[in-house]
Amino acid sequence: QGENLLYCFEVAPTQPALTQVTQCRTEGSTRGLAAVPRLALDVMACEVLRVLQLTDTALVPVSYLVPRKSVQEFHEDLFPDCTGTLPATNAQGWWAGDSQQVGRVSLHPARRPTETFTSPIIAGTGPTSTGHTDGDTGHADGDQTSGYSSPSSLASPSSAATSLSASTGPSSGFASSPSQKSLQSILGPSSRFRHTQGRVLHRDHHVTNLRGLSLTTPGECDGFCANHQRVALPLLSAGGQIAVLELSKPGRLPDVAVPTVQNGTAVADLTWDPFDPRRLAVAGEDARIRLWRIPEGGLQETLQEPEAILQGHTEKIYSIRFHPMASDLLVSSSYDMTVRIWDLSAGREVLCLQGHTDQIFSMAWSPDGKKLATVSKDGRIRLYEPRRSSQPQQEGPGPEGGRGARLVWVCGGDYLLVSGFDSRSERRILLYRAQALSEGPLSVLGLDVAPSTLLPFYDEDTSVVFLTGKGDTRVFLYEVTPEPPYFLECNSFTSNEPHKGFVFLPKTVCEVREVEFA
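If you read the sequence shown in the working numbering, its first letter stands for residue 13, the second for the next number, and so on.
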């Protein structure tokens, strides 16, 4: 009660005893629920369950359909005979020891007794058909104008098994009925990617026996970074050492120390150049940015001399980001409350962006590279056009809580998704129109209460955003759409142990034959 999620599980006497089939998000909060009797189901539309949800102001029917290629015929495997409505005995008979069972009746429309259940909210017995009952019409016209069909229809094996498990993936032979619109307007749409499955790859792909990792990188840093060839991991040892591991050589690392990059000072953030897989930029706590060149084939010996050192910030750096379009362009934010843009080919600062009054939690280039968005502890989101001005072009209200925030551009660069906290430390995601930050968020979705900031990763091809925090075991997935309800929930992924960091690889490494998209 009070929730707006409806879960459907299949129960089996063997392990796993409970298997989730589907979950459906309802528009209003539940005040009460009741299942409609089986005799009232629209069997010709393969409706196996109908629940009535009581909200503050309405009674809402939620229908579960099993997709079948043919909806013209009666499917015996889905609808075994059910208990009828005539008593088996009377009270005196029961006291006297009579234990007869209520007679079972067929759900087949043609074989039914004429006394059936009628109701204005039940399919097929609306105002137009109150004069007759299902039994009279045979209800086998198959035009499917009756029956609510739910977006959370059960995907079922196409074989004649009574299982409703969604193991076969998305519903193949799903026939959508004209009345689909009516239920979609009640329940809202569901994501095309709601059946996404997160899967841990085989141990042959893992890199194990990692030792002495630094787990204390600042909240503005992802903890480590990866490109399609290698990963860079900050180590705990003195001098800001960084291990660089080749992804082409998975397996157990030797017990002896691996060659490292000697950064010379503790690592605040690090990132790979998107256009040069051998160039690593490292921001240090000494307010300098060092550029390192990893030799072809990986580190064979300790690297001590950086390719270049960028100086200009007066205090510790929070985060650094390469430009998505232009080579040799890097942006950095710092405790000195400035954001600086660097030209790496010349090794100098080209612009200093002003306007922040507190800690800068996160910054992100727009996909077209024209704009830079930042979110700050002062509760503001700012949008810069660095080629035009060093002052923000737009400002808007950000998350209320000052514990941390991240932002990412979504929906082709027209919207900004911000993850942060509310004043009660609940983690939430907010969606803004990039052209109208001052109007505030279009939509706010509360997720859970946890201490770490949610790190968002956005896959622009599917418009799915992945969210998880350091120390979490769960990764939330939502499809982001530019029209209400804006966030469509997909299957979340849960790992066995908490993550210390979480990074996505470039799209080019995905196994497209397996329909892997991240």
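All residues carry an ideal CB built from backbone N, CA and C; glycine is no exception.
- Relative to the Cα of residue 269, the nearest Cα in the group 225, 520, 448 belongs to 225.
- Burial check for residue 65: the Cβ neighbour count within 10 Å reaches 16 or more, so the residue is buried.
- Residue 314 counts as exposed, since fewer than 16 other C-beta atoms from the protein chains shown sit within 10 angstroms of its C-beta.
- For residue 105, no beta strand (DSSP E) encloses it; the enclosing alpha helix (DSSP H) starts and ends at 103-107.
- The C-beta distance from residue 206 to residue 502 rounds to 5 Å, short enough to fall under 8 Å.
- Per the DSSP secondary-structure output, residue 386 pairs in a beta bridge with 375, 394.
- Three or more Cβ pairs drawn from the stretch 498-514 and the stretch 230-241 lie within less than 8 Å of each other, which places the two stretches in contact.
- In this structure, the beta-carbon distance from residue 246 to residue 229 falls below 8 Å.
- The count of Cβ pairs closer than 8 Å, one atom from the stretch 96-112 and one from the stretch 71-81, stays below three, leaving the stretches out of contact.
- Residue 65: member of the beta strand (DSSP E) spanning 59-66, first to last residue.
- Secondary structure at residue 525: helix, using DSSP grouped into helix, strand and coil.
- Closest by C-alpha distance to residue 223, out of 202, 242, 201, 254, is 254.
- Residue 354 has its alpha-carbon roughly 57 Å from the corresponding atom of residue 75.
- Residue state for residue 423 is assigned as helix, using DSSP reduced to three classes.
- A distance below 8 Å separates the beta carbons of residue 210 and residue 505.
- Judged by pairs of C-beta atoms under 8 Å, the stretch 108-121 does not touch the stretch 30-43, as fewer than three such pairs exist.
- Here residue 376 is buried: its Cβ has 16 or more other Cβ atoms, across all protein chains shown, within 10 Å.
- Under the three-state reduction of DSSP, residue 308 is assigned to coil, being neither helix nor strand.
- Going by beta carbons, residue 417 and residue 387 fall inside the 8 Å limit.
- Apart from the 5 residues on each side of it in sequence, residue 365 sits with its Cβ closer than 6 Å to the Cβ of 351, 396, 402 in its chain, given in chain order.
- Put simply, the backbone Cα of residue 398 is about 35 Å away from that of residue 310.
- For the pair residue 406 and residue 449, the CB atoms are nearer than the 8 Å cut-off.
- For residue 406, the enclosing beta strand (DSSP E) begins and ends at 406-409.
- Under the 10 Å beta carbon count, residue 261 is surrounded by fewer than 16 other beta carbons and is classified as exposed.
- Linking residue 491 to residue 316 through their CA atoms gives a straight-line distance of about 44 Å.
- For residue 501, the enclosing beta strand (DSSP E) has its first and last residue at 499-501.
- Around the C-beta of residue 251, fewer than 16 other C-beta atoms lie within 10 Å, and the residue is accordingly described as exposed.
- DSSP, read as helix, strand or coil, puts residue 55 in helix.
- Sequence-distant partners of residue 249 (beyond 5 residues in either direction) whose C-beta falls short of 7 Å from its own C-beta, in its chain, are 224.
- Selection 412, 368, 413, 378 evaluated against residue 394 yields 368 as nearest (Cα-Cα).
- Around residue 485, the same chain offers 506, 507, 510 as residues with beta carbons nearer than 6 Å, after the five sequence neighbours per side are excluded.
- Annotation for residue 440: the continuous beta strand (DSSP E) segment containing it runs 438-445.
- Residue pairing of residue 363 in beta bridges, as defined by DSSP: 353.
- Our two residues, residue 476 and residue 16, have alpha carbons roughly 22 Å apart in a direct line.
- Using a 10 angstroms sphere on the CB of residue 335, the tally of other CB atoms reaches 16 or more, which defines it as buried.
- The continuous beta strand (DSSP E) containing residue 32 extends over residues 30-37.
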